[in-house]
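*Asks:* Below you'll find the structure I mean.
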Amino acid sequence: MIENSQIQVLVALTQAESLSQAAENLNITQSAVSQHIKNLEAKVGFNIVTRQGKKLVLTPGGIKLAKLGKNYFKRFDDVISEIQQDHNRILGTLSLGTLFGVGKSWIAQRMVEFSSHFPELSIKVGMDYPDRLITGFEAREYDCLILPKKLTPNHCEAKLLHSEMATLVVPNTKEYASIDTNISLKKLSEYPVIFFEEKDPLFYQWCKFKFGNIPRNISPRLVINAFGQMLQAVNQGLGIAVIPTHVLDRSFFKDKVKTFGEDFTYNNSDFDFIYHSEVKDSLKVSTLFNFLHKEVNNLKV
Numbered sequence: 003m004i005e006n007s008q009i010q011v012l013v014a015l016t017q018a019e020s021l022s023q024a025a026e027n028l029n030i031t032q033s034a035v036s037q038h039i040k041n042l043e044a045k046v047g048f049n050i051v052t053r054q055g056k057k058l059v060l061t062p063g064g065i066k067l068a069k070l071g072k073n074y075f076k077r078f079d080d081v082i083s084e085i086q087q088d089h090n091r092i093l094g095t096l097s098l099g100t101l102f103g104v105g106k107s108w109i110a111q112r113m114v115e116f117s118s119h120f121p122e123l124s125i126k127v128g129m130d131y132p133d134r135l136i137t138g139f140e141a142r143e144y145d146c147l148i149l150p151k152k153l154t155p156n157h158c159e160a161k162l163l164h165s166e167m168a169t170l171v172v173p174n175t176k177e178y179a180s181i182d183t184n185i186s187l188k189k190l191s192e193y194p195v196i197f198f199e200e201k202d203p204l205f206y207q208w209c210k211f212k213f214g215n216i217p218r219n220i221s222p223r224l225v226i227n228a229f230g231q232m233l234q235a236v237n238q239g240l241g242i243a244v245i246p247t248h249v250l251d252r253s254f255f256k257d258k259v260k261t262f263g264e265d266f267t268y269n270n271s272d273f274d275f276i277y278h279s280e281v282k283d284s285l286k287v288s289t290l291f292n293f294l295h296k297e298v299n300n301l302k303v
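When we follow the numbering used here, the leftmost residue of the sequence shown carries the number 3, and every step to the right adds one.
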């Protein structure tokens with residue numbers, strides 16, 4: 003069995019630039035560090051460290067073991083925090099990962115507010131692409147994720163957090179006055195379009211919902227990875243766009259642009275709150291879910 007002290011030495015080596023520094027950080031001698039490494043290598047059957055010139059570095063196998071060790075200590079600390087928690091105190095660390103779009107437009111603001119209620123809780127919010135978020139989650143870099151349901155891995159524990167609606171937004175100017183509830187896809191495609199990203203799925207999915215088809219050879223006038231600036235561009239008459247309704251409802255431009263009601267609004271995506279099975283009963287994770295779920299219910303979606 004691998005001893006806790008051997009794991010500590012291994013993790014210390016990832017954070018130190020030398021054997022002597024690792025020994026100093028652990029408050030033990032260099033010979034003790036060397037002996038722990040020797041004993042660990044004997045147990046696992048492969049080299050943990052190697053020399054590159056005068057420098058001692060971890061082997062690929064050592065790096066994998068060290069990563070596992072870090073996760074072990076984090077999970078151990080989380081368990082201790084859970085035991086220390088009562089109904090008025092939430093302690094330790096909590097990390098959440100999500101996509102750039104929903105992260106910037108909604109989650110980041112909510113997490114700042116959540117943090118203000120729990121000063122003893124250290125919070126990390128990461129925004130990235132789906133595959134990197136899932137990889138980080140499986141490596142225990144994130145305690146929980148918020149992702150569209152279609153991206154939720156089958157083996158993960160998840161709860162429905164939010165059904166995101168999206169709607170067509172049009173400049174309230176005479177150049178766009180002929181856009182009404184009877185417009186055809188062909189006619190709509192003649193107007194300039196503003197995308198959130200290249201081949202904006204929000205726009206094309208809305209077209210599929212509304213017209214049963216998608217336009218061909220659309221060349222957006224503007225691509226900007228921020229819904230707030232997209233609404234600003236629509237207000238300035240630069241083009242039409244499809245925007246999540248929760249963004250529109252909180253925007254300064256809500257009453258300055260034109261929309262067309264429920265018939266032009268569709269369910270863009272269901273968002274899941276994803277968490278590790280072993281923290282299903284975690285107070286801090288359940289408190290975060292309940293907080294975000296309450297905030298979602300306050301949105302006009």
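All C-beta atoms in this analysis are idealised placements derived from N, C-alpha and C, irrespective of residue type, glycine included.
Can you tell which of Ile216, Leu294, Ser191, Gln111 has its C-alpha closest to the C-alpha of proline 203?
*Replies:* Proline 203 has its Cα closest to that of Ile216, out of Ile216, Leu294, Ser191, Gln111.
*Asks:* Bridge partners of valine 156, per DSSP?
*Replies:* Note on residue identity: the sequence assigns asparagine, not valine, to residue 156. Partner(s): none; asparagine 156 has no beta bridge.
*Asks:* Determine the closest residue to glycine 99 out of Arg142, Ser117, Glu122, Leu250, with distance taken between C-alpha atoms.
*Replies:* Here the closest residue by C-alpha is Arg142.
*Asks:* Which term fits lysine 286, buried or exposed, when burial requires 16 or more other beta carbons within 10 angstroms of its beta carbon?
*Replies:* Result: buried.
*Asks:* Are the region 227–236 and the region 189–201 touching by the rule of at least three beta carbon pairs closer than 8 Å?
*Replies:* With a cut-off of 8 Å, the region 189–201 and the region 227–236 count as touching, because enough Cβ pairs lie within range.
*Asks:* May I have a chain-ordered list of the alpha helix (DSSP H) segments no shorter than 4 residues that lie completely inside the region 106–134?
*Replies:* Those alpha helix (DSSP H) runs which fall completely within the region 106–134 and span 4+ residues are 110–119.
*Asks:* Which residue or residues does DSSP assign as beta-bridge partners of isoleucine 276?
*Replies:* The partner list for isoleucine 276 (beta bridge, DSSP) reads Leu147, Ala160.
*Asks:* Rounding to the nearest angstrom, what Cα-Cα distance links serine 33 and isoleucine 276 in this structure?
*Replies:* In a straight line, the C-alpha of serine 33 is about 45 Å away from that of isoleucine 276.
*Asks:* Just reading off the alpha helix (DSSP H) that alanine 14 is part of, what are its end residues?
*Replies:* Start and end: 6–17.
*Asks:* On the CB-based measure, 16 or more other CB atoms within 10 Å of its CB, does alanine 25 come out buried or exposed?
*Replies:* Label assigned to alanine 25: buried.
*Asks:* Can you tell me which of the three DSSP states alanine 243 falls into?
*Replies:* Alanine 243 falls in the strand class under three-state DSSP.
*Asks:* Check this for me: beta carbons of leucine 42 and isoleucine 92, under 7 Å apart or not?
*Replies:* In this structure, isoleucine 92 does not lie closer than 7 Å to leucine 42 by Cβ.
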